[in-house]
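One structure is given here, and the rest of the page talks about it.
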C-alpha cells in the first residue's frame, strides 16, 4: 500500500511526556506517530523536544534513521567503557545506526523536532533503562502505534 500525507505540525496527534521527581534530568517531549507497518517491522515518528529537555534514558533496539527537522538534537552516547560522547546534530543532520545504542537525547536551547524511521524485525523499538542500565520498560511497534509513550 502506498501512502502520502501533507501536514501541519500543529495538527498532528501529539502525546506529551514529562518526567516526575524520580528523574534527575528534565523530561519534556512530545511524540507523534506518523505511520507503522508492523508486518514489515517499521514505524515512523516525530519527537518534539522542549528546550534543553530530554526523553527517558533508553537503548535503541531497532535500526534507526533520524533527520533533524528543527533546532538541535543533542545525543549523549554511553560507550561500553562508560565514557559519554556528546554529539550535537543541527537541523538538516541525517544519521543512521544499526541499533544497540544506549544514550540520552535532548533538544537544544530552542528545542528540536526529529523524524525517526525505525526498523525492527522483532517489533521491539526501545528499552527504557534505569541508571544501572536495567530494562524498566520496552516499546514495540504495536504499543507505540496504539499509545506512543516510549515505554515510559
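In our numbering, the protein residues as written are 11 to 162.
Positions of the beta carbon are idealized from the N, C-alpha and C atoms, including for glycine.
A quick note: this is a predicted structure, and the numbers were derived from the prediction, not measured.
{"Item": "Quickly, what does DSSP pair residue 28 with across the bridge? List them, please.", "Value": "38"}
{"Item": "Run through DSSP, which three-state label would residue 22 get?", "Value": "coil"}
{"Item": "Hey, residue 75 and residue 139 are a contact pair by Cβ (cut 8 Å); roughly how many whole angstroms apart?", "Value": "Their Cβ separation, rounded to whole angstroms, is 22 Å, which puts residue 75 and residue 139 out of contact at 8 Å."}
{"Item": "Give the secondary structure of residue 50 by DSSP, where H, G and I count as helix, E and B as strand, and everything else as coil.", "Value": "helix"}
{"Item": "Compare the beta carbon distance of residue 154 and residue 43 with 7 Å and say whether it is the shorter of the two.", "Value": "yes"}
{"Item": "In whole angstroms, what is the alpha-carbon distance linking residue 27 and residue 111?", "Value": "22 Å"}
{"Item": "Can you give me the C-alpha to C-alpha distance between residue 121 and residue 107, rounded to a whole angstrom?", "Value": "22 Å"}
{"Item": "Could you tell me the distance, in whole angstroms, from the CA atom of residue 147 to the CA atom of residue 32?", "Value": "15 Å"}
{"Item": "Checking the sheet assignment: what are the DSSP bridge partners for residue 151?", "Value": "Bridge partners of residue 151: none, in fact."}
{"Item": "Go ahead and pull the three-state DSSP assignment for residue 156.", "Value": "helix"}
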